[in-house]
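Visitor: Numbering (the numbering used here), first residue to last: 52 to 335.
Where is the CB? At the ideal position from N, CA and C, for every residue including glycine.
Can you read through this structure? Questions will come right after.
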């Protein structure tokens, strides 16, 4: 009897919380939809939409069909060596890997790295981008990571050529540093906090054109949000967050589940509780 009463109380709590979640989600979604529609109308009528429209990002320029290591019983593992031998990209894998390492070693300091990017270069991060060449160069010129994090080290490793996109080099990193100076990033100037930063492992890539210049940089894609102390944030967002001056948008903070996502999880829990209660009553 006591367990049944406890079950009913829990179910009542779930139903009450679900009702609140549904109301909040429907209300917020409706308001957001109306806001987006009104913004679109303003942009179309005034032509202001052209000023905020993002450029289309570059698609793959070279692709290679999968070849598998079936001869050794691995039907799902790519034979990257055989695939790279079939590549039609004119530059050797070793050459673009060395170029990728050289480019990242510059850490966007000085001017030499700028000569390695093409005129149609794009920067594409998880949230920011695509930024075109002139926008990215201006952003890097206005940032001063060394002043804010003198010991900052991206800790790159694992450079390798994508066998399915043979003009693209992938690599990983685990950024670490300490905020011991004034961190300047665009209009922000954040004084030292002494906080240590440990980012999660991140996936990054560089795509090369036929002349060996870089036309796309993707960077800051977190692979495991459990690792480090940035809440899963990578790139500049992680540094700003740990410096106590996060970008004032939802994307500038660690991920939190939406109300709708939490609601779906709660519905699953309710179904599990009811199923268990039904099984017990049937057994009795």
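So, at 8 Å on beta carbons, what are the nonlocal neighbours of residue 316 in its own chain, with the 5 sequence-adjacent residues on each side left out?
Guide: Numbered from 1 along the chain shown, position 265 holds the residue referred to as residue 316. Cβ within range, chain order: 308.
Visitor: So for residue 227, helix, strand or coil by DSSP?
Guide: The sequence position of residue 227 within the chain shown is 176, counting from 1. Three-state result, residue 227: strand.
Visitor: Residue 245 and residue 229 - do their beta-carbons sit closer together than 8 Å?
Guide: Numbered from its first residue, the chain shown carries residue 229 at position 178. Numbered from its first residue, the chain shown carries residue 245 at position 194. Yes, the pair counts as a contact, with Cβ atoms nearer than the cut-off.
Visitor: Would residue 147 and residue 223 qualify as a contact pair, given that the criterion is a beta-carbon distance under 8 Å?
Guide: The sequence position of residue 147 within the chain shown is 96, counting from 1. The sequence position of residue 223 within the chain shown is 172, counting from 1. No.
Visitor: Suppose you measure from the CA of residue 130 to the CA of residue 139; what does that come to, to the nearest Å?
Guide: Position 79 of the chain shown, counted from the start, is the residue given in the question as residue 130. Position 88 of the chain shown, counted from the start, is the residue given in the question as residue 139. The straight-line gap from Cα to Cα measures roughly 16 Å.
Visitor: Could you tell me whether the segment 194 to 214 touches the segment 178 to 185, using the rule of 3 or more Cβ pairs below 8 Å?
Guide: Taking 8 Å as the limit for Cβ pairs, the verdict is that the segment 178 to 185 does not touch the segment 194 to 214.
Visitor: Have a look at residue 16 and residue 82 and give me their C-alpha separation to the nearest angstrom.
Guide: Absent from the model: residue 16. The displayed extent of the chain is 52 to 335, so no value can be given.
Visitor: Hey, could you find the ends of the alpha helix (DSSP H) residue 292 is sitting in?
Guide: For this step, residue 292 is matched to residue 241 along the chain shown. Counting along the chain, the alpha helix (DSSP H) containing residue 292 begins and ends at 286 to 293.
Visitor: When you compare the CB positions of residue 235 and residue 194, do they come within less than 8 Å of one another, or not?
Guide: Taking the first residue of the chain shown as 1, we reach residue 235 at position 184. Taking the first residue of the chain shown as 1, we reach residue 194 at position 143. A contact, by the Cβ cut-off of 8 Å.
Visitor: Judging by CA-CA distance, which residue of 57, 58, 60 and 68 is the nearest neighbour of residue 318?
Guide: Within the chain shown, the letter at position 267 stands for residue 318. That would be 68, whose Cα lies nearest to the Cα of residue 318.
Visitor: Taking residue 282 as the reference, which of 324, 108, 306 and 136 has the closest Cα?
Guide: As a working note, residue 282 is residue 231 in the chain shown. Checked all of 324, 108, 306 and 136; the closest Cα to residue 282 is 306.
Visitor: With C-beta atoms as the reference, is residue 226 less than 8 Å away from residue 250?
Guide: For the purposes of this step, residue 226 is identified with residue 175 of the chain shown, where counting begins at 1. For the purposes of this step, residue 250 is identified with residue 199 of the chain shown, where counting begins at 1. Cβ atoms of residue 226 and residue 250: closer than 8 Å.
Visitor: Whole angstroms is fine: what's the gap from residue 74's alpha carbon to residue 91's?
Guide: As a working note, residue 74 is residue 23 in the chain shown. As a working note, residue 91 is residue 40 in the chain shown. The straight-line gap from Cα to Cα measures roughly 26 Å.
Visitor: Classify residue 255 as helix, strand or coil using the three-state DSSP reduction.
Guide: Counting from 1 along the chain shown, the entry for residue 255 is found at position 204. Correct three-state label for residue 255: strand.
Visitor: Kindly indicate the opening and closing residues of the alpha helix (DSSP H) around residue 146.
Guide: Here residue 146 is taken as the residue at index 95 of the chain shown, counted from 1. Element bounds for residue 146: 144 to 156.
Visitor: With distances taken from CA atoms, which of 186, 159 and 134 is nearest residue 5?
Guide: Residue 5 lies beyond the range of the chain shown here (52 to 335); nothing can be said about it.
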